[in-house]
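Residue numbers (UniProt numbering): 1 to 95.
Cβ coordinates follow ideal geometry from the N, Cα and C atoms, glycine included.
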């Protein structure tokens, strides 16, 4: 098990949840901690974040209203019946 303690850098988390840290303390199970200046952790390797208690989450977590997708205009044509291969005579003998 690996524990990583550090501060988020200026470009801290990207869209894939990759996290960039500075002043990092890396602790492996049964080993001495290692200090690093910078460390990037790939998003799929992160199990959870532990946030400090002094963080005011009420001001940081803002509930957004769900976006409503605009309806597509219909041109008066009837909709098709799927995307099948048509009504041919079949595919033949093993071809």
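Checking the sheet assignment: what are the DSSP bridge partners for residue i?
i	result
residue 28	2
residue 163	Residue 163 lies beyond the residue range present for the chain, which begins at 1 and ends at 95; the question has no answer from this structure.
Please go through the same chain and pick out, in chain order, the residues whose beta-carbon is closer than 7 Å to the beta-carbon of residue i, but skip the five residues on each side of it.
i	result
residue 36	24 and 26
How would you label residue i, buried or exposed, when you count the other beta carbons within 10 angstroms and need 16 or more for buried?
i	result
residue 6	buried
Do residue j and residue i have their beta-carbon atoms positioned less than 8 Å apart in this structure?
i	j	result
residue 17	residue 50	no
residue 28	residue 68	no
Please list, in chain order, all residues of the same chain as residue i whose beta carbon is under 6 Å from its beta carbon, the five residues on each side excluded.
i	result
residue 34	26
residue 9	20 and 22
Once you ignore the five residues that flank residue i on each side, which residues in its own chain have a CB closer than 8 Å to its CB?
i	result
residue 4	21, 24, 25, 26, 27, 39 and 41
### Message
Closer than 8 Å is the cut-off here; do at least three beta carbon pairs connect the region 38-58 with the region 3-22?
### Response
Contact between the region 38-58 and the region 3-22 is established, with three or more Cβ pairs separated by less than 8 Å.
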